[in-house]
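Presented below is the structure to which this report refers.
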Amino acid sequence: MRCLIVDDSADFRDAATDMLGRAGIDVVGVACTAEEALARYADLHPDVTLVDVELGGESGFDVVEQLHDADGPTPSVILISTHSEQDYAEMIAESSALGFLAKFALSPNAIRGMLAR
1 MRCLIVDDSA DFRDAATDML GRAGIDVVGV ACTAEEALAR YADLHPDVTL VDVELGGESG
61 FDVVEQLHDA DGPTPSVILI STHSEQDYAE MIAESSALGF LAKFALSPNA IRGMLAR
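71 is the number that full-length UniProt numbering gives to position 71 of the sequence shown; each next residue is one higher, with no gaps.
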């Protein structure tokens, strides 16, 4: 499985890349802004894209919709955050994302489970 991580925290990107890589998920790219996310997605065509809800001054929800509006196959996007799912429940339900994973619950099995829905 090929993964793109979109998060403004370099520490999180590094830790997630390491953890996912050890479990056989190949992190093919990372981005920290909406613009970078769209460019990396277009270049890399990942199987799954993890998008932080809060990207500095940008909204991860906007990134999800921009990815879905881009040319090509419908992307598999999972929203992630340090905050609780309840904090964003309405916006998650209205988004085009497959769902939400709290960063502390992020794991290869959780990603695979969400993709299998």
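Every residue gets a Cβ at the ideal spot worked out from N, C-alpha and C, and that includes glycine.
- Residue environment analysis places Asp14 among the exposed positions, since fewer than 16 neighbouring C-beta atoms fall within 10 angstroms of its C-beta.
- Sorting Leu115, Ala116, Pro108, Arg112 by C-alpha distance to the C-alpha of Arg22 places Pro108 at the top.
- Counting along the chain, the unbroken alpha helix (DSSP H) around Thr17 starts and ends at 10-22.
- In the DSSP annotation of this structure, the continuous segment of the alpha helix (DSSP H) that includes Arg112 starts and ends at 108-115.
- The residue from Cys3, Val27, Glu58, Ala102 with its alpha-carbon nearest to that of Tyr88 is Ala102.
- Taking the CA atoms as reference points, Phe104 sits about 32 angstroms from Asp71.
- Separation of Leu98 and Arg117 (C-alpha to C-alpha, rounded to the nearest whole angstrom) is 9 angstroms.
- Under the DSSP assignment, Val63 falls in the alpha helix (DSSP H) whose first and last residues are 60-69.
- For Ser59, same chain residues with a beta-carbon under 7 angstroms away, outside a window of 5 residues either side, do not exist.
- By the CB criterion at 9 angstroms, Arg2 and Ile25 fall inside the cutoff.
- Residue pairing by DSSP places Ser96 in no beta bridge whatsoever.
- By the CB criterion at 9 angstroms, Val48 and Leu79 fall outside the cutoff.
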